[in-house]
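Novice: Residue numbers (the numbering used here), protein chains in the order written: chain A, 1 to 373; chain B, 374 to 746.
The beta carbon of each residue, even a glycine, is placed where N, CA and C say it ideally should be.
Bear in mind that the values here come from a model prediction, so they are computed numbers and not experimental data.
Sharing a structure, written as structure tokens. Questions coming.
Number of protein chains: 2
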Amino acid sequence: MSNSNKQTSSISEKAGISPPEITNISAINQIKSKRKQQPTSQELIDGILDGNRTSLSRAITLIESTNPDHFDKAGEVIQGCLSHANKSIRIGITGVPGVGKSTFIEAFGKHLTQLGKKVAVLAVDPSSSLSHGSILGDKTRMEELVKDENAFIRPSASGETLGGVARKTRETIILCEAAGFDTIIIETVGVGQSETAVHSMVDFFLLLKISGAGDELQGIKRGIMEMADAIVINKADGDNVKKANQAKVEFNRALHLFPPKKSNWQPKVTTCSSITKDGISEVWNTISDYFEMTKETGFFQEKRNEQNHFWMMETINEQLKQNFYNQPEIISLLEENKKAVQNNEISSFAAASELLKLYFNKGAKVQSDKGSK
Amino acid sequence: MSNSNKQTSSISEKAGISPPEITNISAINQIKSKRKQQPTSQELIDGILDGNRTSLSRAITLIESTNPDHFDKAGEVIQGCLSHANKSIRIGITGVPGVGKSTFIEAFGKHLTQLGKKVAVLAVDPSSSLSHGSILGDKTRMEELVKDENAFIRPSASGETLGGVARKTRETIILCEAAGFDTIIIETVGVGQSETAVHSMVDFFLLLKISGAGDELQGIKRGIMEMADAIVINKADGDNVKKANQAKVEFNRALHLFPPKKSNWQPKVTTCSSITKDGISEVWNTISDYFEMTKETGFFQEKRNEQNHFWMMETINEQLKQNFYNQPEIISLLEENKKAVQNNEISSFAAASELLKLYFNKGAKVQSDKGSK
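Quick look at the structure:
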């Protein structure tokens, strides 16, 4: 194969065919070199702080990259943006498929931009790498918002673990805030632990519901209702209005069964229609009340500090586990010991002990400076 | 100092005073040697399998010992008992102080021994090492049961971490089962995560409540009600009967708000009086129904397998963390990074990265066989 075959760009041509005379070679080379030229981390930082959306998108792509060469650069960009971040409010929105999350976020987001806010919409969907994006994948579902120059929509990062997706989203929040977005909306679907992860990175957590036949509360995943700062019953339009109001009463009663929240905030239940826009401004009023109250009590900052601390610890703990469970020797002994524990041939603790001994005594051990045996 | 000063036993005397003639020296020596003679692990195993309570108590003391010399021996005893364990039902009982846990367990335990059961009562109370046993510490609160030869009561193991207390309790369950106890009751108070730990080591989880003024459901810790397989409203006697029945209705309604349990068991709410004994046999009937159903569906064994697996993994993960967080270098850098994260000088993830690099690159590193940089 000839060297020229390596050129696959659409602006190059196969060897043997001479370029037509009208082609401006120097222009081609200029375009090529511009394509290859990656902005430096400082250029990205400057761009983000200027509110440049291209810089923001490129930096997020760096964060999401699995190419190890990009890690350090992404780290530099985040570090450079950090002192300019944190000046937003972060709202988590969850709801099972079918409650109309996209249309709600579209209506809600438009309401916010009309109030002069700059809105970034992100998503946490660990399943998206398999399903190729079940949420926000199709931006056309937010037709209006996507065209709004005060809104920025980014689909979920993909990743094998929720921890990975969560980290990337947390870092993306920092960049969006540094780029001047003052309201960050993070959407998630009720899949696995993703709500808990989102709850741990937002200030306010909103559960979106619709009224349905039968018991309104069936099917809510354990714990989700306890995390909610507001429950919004969507699709309260047309024939649905009465049912939505009934659901509101039922949710309100259920919420009162829970003990008071650490924030002392009493979760609110409201209804809305993403079509007629009825109730959309009330949702924002509720959220504003929450921020007014928690900023006054100091709970707002307290929670953010806790979240920062939580994610540092969480990252450490996850990495410690990953290192352990990825050792080939551990993988095979773990398989054996799982079976032995299942068959009551060894206690859970003895089985764990064996594995830990293997790990720490293996060639190099972290605790070796304490003296080895 | 003379050598004789080392003798501090009450059956020895100070040098210089000759023993009175009536003292039988050989008898004294016999007693002394017997005192020093510790049973071997095989002797303990044999004793436990014979149902000998002294052997059982001694073996539990070994498990609870913080003396590293006792670890291996305790391990041998557990290993020797393991194949004889697992033939019991394990019931967790929780409730805030004041609901009458001790009197309930006394009445319930007596009911069980009268049915011919052998009942072991253990406790998980991580605070007991500080408070010197807030539960079961005072066995006199179970006056009847403590004298019952078919009951065995053991206060909570003490320990610095819940994980440590939980491990010791799990191992004690094995020994009690091997000693022939067919019904294991594990008591816990609503402190921190102890309910979750107990929930992860029992087949059936019972929440004890009393009726009170106002909203019955206030003050129940998040998640506890979701874990309960039964809620028993205690002190349903005298003037309390009506209130207890009202509470029953309210709890029943609340329980129906939760989605179905994995076991498909619909949690029951009953009332009882530990004084009049009304309702005590109904509690046992509920529990029997549960075991009949879950053994038939296979959920019983499935849950035990999951618990065994859970505790193996939990032990590994806890130990990995302990090793990390106890490194002196990590302790000091962690302090620094916590502050830096708090002040937004560094992101949570960058802070975690730094700590992990320090840990794994330090002299000896576990992942060194993958090539170091």
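Taking only three categories from DSSP, how would you classify B:I604?
Specialist: Strand.
Novice: Counting only beta-carbon separations shorter than 7 Å, does A:L355 have a partner in chain B?
Specialist: Yes, A:L355 counts as interfacial toward chain B.
Novice: Could you pull out every residue in the same chain whose Cβ sits closer than 8 Å to the Cβ of B:L731, ignoring the five residues on either side in sequence?
Specialist: Here the set comprises E702, I703 and L706.
Novice: For the alpha helix (DSSP H) that B:E679 lies in, which residues bound it at each end?
Specialist: Unbroken alpha helix (DSSP H) run through B:E679: F672 to Y698.
Novice: Taking 7 Å as the cut-off, decide whether the C-beta atoms of A:A230 and A:K268 are in contact.
Specialist: Their beta carbons are under 7 Å apart, which means A:A230 touches A:K268 by this criterion.
Novice: Could you pull the start and end residues of the beta strand (DSSP E) that A:I89 belongs to?
Specialist: Per DSSP, A:I89 belongs to the beta strand (DSSP E) from I89 to T94.
Novice: For a cutoff of 7 Å on Cβ pairs, would you count A:A157 as touching chain B?
Specialist: With 7 Å as the cut-off, A:A157 does not count as an interface residue toward chain B.
Novice: Below 7 Å between beta carbons is the criterion; list the residues of the region 64 to 79 of chain A that meet it against any residue of chain B, in chain order.
Specialist: Under the 7 Å Cβ criterion, the region 64 to 79 of chain A contributes G75, I78 and Q79.
Novice: Taking 7 Å as the CB-CB cut-off, is A:T315 touching chain B?
Specialist: It does; some Cβ of chain B falls within 7 Å.
Novice: Check for me: the alpha helix (DSSP H) holding A:K110 runs from which residue to which?
Specialist: It spans K101 to Q114 - the alpha helix (DSSP H) in which A:K110 sits, taken as one unbroken run.
Novice: Do we get a CB-CB distance below 7 Å when we pair B:N625 with the residues of chain A?
Specialist: No, no contact with chain A.
Novice: Among the candidates B:L580, B:Q619, B:V614 and B:N613, whose CA atom is the shortest distance from the CA of B:A601?
Specialist: If we check each option's Cα against that of B:A601, B:L580 comes out closest.
Novice: Reducing DSSP to helix, strand and coil, say where B:I648 ends up.
Specialist: If DSSP states are grouped into helix, strand and coil, B:I648 belongs with coil.
Novice: If you count every other CB in all the chains shown that lies within 10 Å of the CB of A:A27, and 16 or more means buried, which is it?
Specialist: When all chains shown are included, A:A27 counts as exposed.
Novice: Is the region 619 to 631 of chain B touching the region 656 to 667 of chain B in the sense that three or more CB pairs, one from each, lie closer than 8 Å?
Specialist: The region 656 to 667 of chain B is not in contact with the region 619 to 631 of chain B.
Novice: With 16 as the cutoff for other CB atoms within 10 Å, does B:P441 come out buried or exposed?
Specialist: The residue in question, B:P441, is exposed, as its Cβ has fewer than 16 Cβ neighbours within 10 Å.
Novice: Residues of chain B with a CB under 9 Å from the CB of A:I174: which are they?
Specialist: Per Cβ cutoff of 9 Å: S720.
Novice: For chain E, is any of its Cβ atoms less than 7 Å away from the one on B:A725?
Specialist: Any reference to chain E falls outside this structure, whose protein chains are A and B.
Novice: Quick one: what does DSSP say B:L503 is sitting in, helix, strand or coil?
Specialist: Confidence at B:L503 is low in this model, with a pLDDT of 44, below 50, so the placement of that residue should be treated as unreliable; the coordinate-derived value is given next. B:L503 falls in the helix class under three-state DSSP.
Novice: Please go through the region 420 to 471 of chain B and give each complete alpha helix (DSSP H) segment of 4 or more residues, from N-terminal end onward.
Specialist: 426 to 437 and 441 to 455, all fully within the region 420 to 471 of chain B.
Novice: Give me the Cβ distance between A:G80 and A:I25, rounded to the nearest whole Å; I'm assuming they're in contact under 8 Å.
Specialist: Rounded, the Cβ-Cβ distance is 38 Å, inconsistent with contact.
Novice: Buried or exposed, going by whether 16 or more other CB atoms sit within 10 Å of the CB of A:K115?
Specialist: In the sequence as presented, Lys is not what sits at residue 115 of chain A; that position holds Leu. Classification of A:L115: exposed, given that the 10 Å Cβ count is below 16.
Novice: Name, please, each residue of chain B whose Cβ falls closer than 9 Å to the Cβ of A:S83.
Specialist: Residues of chain B passing the Cβ test: N717 and E718.
Novice: Tell me the residue span of the alpha helix (DSSP H) that contains A:K209.
Specialist: Where A:K209 is concerned, there is no enclosing alpha helix (DSSP H), although the beta strand (DSSP E) it sits in stretches over F204 to I210.
Novice: So the beta strand (DSSP E) A:F258 belongs to, where does it begin and stop?
Specialist: Where A:F258 is concerned, there is no enclosing beta strand (DSSP E), given that its DSSP letter is neither H nor E.
Novice: Which residues of the region 692 to 713 of chain B have a Cβ closer than 8 Å to any Cβ of chain A? Give them in chain order.
Specialist: Against chain A - using a Cβ distance shorter than 8 Å - the residues of the region 692 to 713 of chain B are Q692, L693, K694, N696, F697, Q700, N710 and K711.
Novice: Looking at C-alpha atoms only, which residue of A:S273, A:Q266, A:R253 and A:S102 is the closest neighbour of A:N240?
Specialist: The option with the nearest alpha carbon to A:N240 is A:S273.
Novice: Contact between the region 678 to 692 of chain B and the region 335 to 342 of chain A: three or more CB pairs below 8 Å?
Specialist: Judged by Cβ distances under 8 Å, the region 678 to 692 of chain B makes contact with the region 335 to 342 of chain A, as three or more pairs qualify.
Novice: Would you say B:N459 lies against chain A (beta-carbon separation less than 7 Å)?
Specialist: It does: the Cβ of B:N459 has a partner Cβ on chain A nearer than 7 Å.
Novice: Select from the region 616 to 642 of chain B all residues with a C-beta closer than 8 Å to any C-beta belonging to chain A, and list them in chain order.
Specialist: The region 616 to 642 of chain B vs chain A, Cβ under 8 Å: A627, H629, L630, F631 and P632.
Novice: For A:N308, go through chain B and note every residue whose CB falls closer than 7 Å to its CB, in chain order.
Specialist: Neighbours of A:N308 on chain B, chain order: V714, Q715 and S721.
Novice: Sort B:T643, B:V450, B:F554 and B:R463 by Cα distance to B:I606 and report the nearest one.
Specialist: It is B:T643.
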